[in-house]
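Scroll down for the structure; my scribbles are underneath it.
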């Protein structure tokens, strides 16, 4: 069995690679650091000809913080759209019998929704704060469907909440939200900062997925890819959310930081609530045991403590 991880040197990709290794699966990484330009169809064609994959886990994306995807909106939508088109064009030409697994960020859901149900994920406009990246996540699903209609390419789409865990960027502007918060606390404690600034009011509610759990789910799908139908995406969900203020309290309890925590209400909160319905997930994965939030946070703190050279 040949398994390719696109974006395998990035945050989500590294966690998927680790889960595969723990279950004795070999894999091939495709990323810029290995010489693959996913925005270029010829580069993708050459790579797929060499690897002849049975599975493609597509973790490749140009993304960052809420601030980043707004400031770099044109680059984000341009780069991601090109990656999606180049990848599927190459698959159609080289290996149309492959199974593609696409994680789709929950910013693809309508901005006004509160509990995200798979049957309603197209029912409304995206929140403007994530227009650049969220649009490409809907586009990713649409391309997968269209290439299935014409070429028979099998795509499994997994709608995922905000992820956190090891292997993310140490740059708060590029790291995923919870990781960025943790990195701020690690840096503040190590450099004796007197204040930590948090964007927004702190009232926004988010659901969180430990990235190592996502890797475990990928392994389960590879072991039985027919367990999920093709028609619609499935939430990888626990139906549980925490406000940013609650997150900050949980994270700060793990540190000896004695300075001030200041919320900046002039900065955007994003959508007010993002919690995902888990009924479909529980039917497909009835016995899946998610990592506790406290354990996931502690593990992520250890990762960032080892990354910062202070």
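In the numbering used here, the protein residues as written are 1410 to 1719. Glycine included, every Cβ here is placed at the ideal spot set by N, Cα and C.
Could you have a look at residue 1566 and say whether DSSP puts it in helix, strand or coil?
Mapped onto the chain shown, residue 1566 falls at position 157. Of the three classes helix, strand and coil, the one that applies to residue 1566 here is strand, per DSSP.
Using only CA atoms, which one of 1468, 1629, 1533 and 1602 lies nearest to residue 1496?
Numbered from its first residue, the chain shown carries residue 1496 at position 87. The candidate whose alpha carbon is nearest that of residue 1496 is 1468.
C-alpha distance - residue 1524 paired with residue 1614, whole-angstrom precision
Here residue 1524 refers to the residue found at position 115 when the chain shown is read from its first residue. Here residue 1614 refers to the residue found at position 205 when the chain shown is read from its first residue. If you draw a straight line from the Cα of residue 1524 to the Cα of residue 1614, it comes to about 11 Å.
Using only alpha-carbon positions, find the residue among 1517, 1429 and 1576 that is nearest to residue 1570.
Translated into the one-based positions of the chain shown, residue 1570 becomes position 161. Of the listed residues, the one whose Cα sits closest to residue 1570 is 1517.
Distance, Cα to Cα, residue 1487 vs residue 1471?
Indexing the chain shown from 1 puts residue 1487 at position 78. Indexing the chain shown from 1 puts residue 1471 at position 62. The alpha-carbon atoms of residue 1487 and residue 1471 are separated by roughly 9 Å.
Buried/exposed call for residue 1456, threshold 16 Cβ in 10 Å:
The residue given as residue 1456 occupies position 47 in the chain shown. Buried, since its Cβ has 16 or more Cβ neighbours within 10 Å.
Report buried or exposed for residue 1572, applying the criterion of at least 16 other Cβ atoms within 10 angstroms of its Cβ.
Start at 1 with the first residue of the chain shown, and residue 1572 comes out as number 163. Classification for residue 1572: buried.
Taking the alpha helix (DSSP H) that residue 1497 belongs to, which residues open and close that run?
Residue mapping note: residue 1497 aligns to position 88 of the chain shown, counting from 1. Looking at the DSSP string, the run of the alpha helix (DSSP H) that includes residue 1497 is 1482-1503.
Any 3 or more C-beta pairs closer than 8 Å across the segment 1668-1677 and the segment 1623-1639
The segment 1668-1677 is not in contact with the segment 1623-1639.
Does DSSP put residue 1598 in a helix, a strand or coil?
Residue 1598 sits at position 189 when you count from the first residue of the chain shown. In the structure shown, residue 1598 sits in a helix (DSSP, three-state: H, G or I).
Assigned secondary structure, residue 1583 (DSSP; H/G/I helix, E/B strand, else coil):
Counting from 1 along the chain shown, the entry for residue 1583 is found at position 174. In this structure, residue 1583 counts as coil in the three-state DSSP scheme.
For residue 1703, which of helix, strand or coil comes out of DSSP?
Position 294 of the chain shown, counted from the first residue, corresponds to residue 1703. Of the three classes helix, strand and coil, the one that applies to residue 1703 here is helix, per DSSP.
Can you tell me the Cα-Cα spacing of residue 1441 and residue 1597, whole angstroms?
As a working mapping, residue 1441 is identified with position 32 in the chain shown. As a working mapping, residue 1597 is identified with position 188 in the chain shown. Approximately 32 Å, taken between the alpha carbons.
Looking only at its chain, what residues have a beta carbon closer than 6 Å to the beta carbon of residue 1560, apart from the 5 residues adjacent to it on each side?
Here residue 1560 corresponds to residue number 151 of the chain shown, with the count starting at 1. Excluding its 5 nearest sequence neighbours in each direction, residue 1560 has C-beta neighbours in its own chain below 6 Å: 1501 and 1505, listed in chain order.
Which residues does DSSP list as the beta-bridge partners of residue 1615?
Along the chain shown, one-based indexing puts residue 1615 at 206. Residue 1615 is bridged to 1651 and 1683.
Between the C-alpha atoms of residue 1618 and residue 1568, what's the straight-line distance to the nearest angstrom?
Position 209 of the chain shown, counting from 1, holds the residue named residue 1618. Position 159 of the chain shown, counting from 1, holds the residue named residue 1568. Computed Cα separation, rounded: 11 Å.
Close beta carbons around residue 1437, own chain, < 6 Å, minus the five adjacent residues each side:
Along the chain shown, one-based indexing puts residue 1437 at 28. Only 1413 and 1460 meet the Cβ criterion.
Boundaries of the alpha helix (DSSP H) in which residue 1554 is found, first to last residue
Numbered from its first residue, the chain shown carries residue 1554 at position 145. Unbroken alpha helix (DSSP H) run through residue 1554: 1540-1560.
Quick one: residues in its chain with C-beta nearer than 6 Å to the C-beta of residue 1530, no 5 flanking neighbours on either side, listed in chain order?
For the purposes of this step, residue 1530 is taken as residue 121 along the chain shown, with counting starting at 1. Excluding sequence neighbours, residue 1530 sits near 1518.
If we require 3 or more residues per run, which beta strand (DSSP E) segments fall completely within the segment 1423-1459?
1437-1439
Buried or exposed by the 16-neighbour rule on C-beta atoms within 10 Å, applied to residue 1593:
In the chain shown, counting from the first residue as 1, residue 1593 sits at position 184. Label assigned to residue 1593: buried.
Decide yes or no for the touch test of the segment 1694-1711 against the segment 1655-1668: beta carbon pairs closer than 8 Å, at least 3 of them.
yes
Exposure of residue 1717, with buried meaning 16 or more beta-carbon neighbours within 10 Å:
Within the chain shown, residue 1717 is the residue found at index 308, counting from 1. It is exposed - the Cβ of residue 1717 has fewer than 16 other Cβ atoms within 10 Å.
Simplified DSSP state of residue 1623, which is helix, strand or coil
Residue mapping note: residue 1623 aligns to position 214 of the chain shown, counting from 1. Correct three-state label for residue 1623: helix.
Contact defined as beta carbons within less than 8 Å: I believe residue 1512 pairs with residue 1628. What is the distance between those atoms, to the nearest angstrom?
On the chain shown, position 103 is the one that residue 1512 refers to. On the chain shown, position 219 is the one that residue 1628 refers to. The Cβ separation is near 14 Å, so there is no contact.
Three-state secondary structure (DSSP) of residue 1512
The residue labelled residue 1512 in the question sits at position 103 within the chain shown. Residue 1512: strand per DSSP, three-state reduction.
I need the DSSP call for residue 1528, collapsed to helix, strand or coil.
Here residue 1528 is taken as the residue at index 119 of the chain shown, counted from 1. Helix at residue 1528.
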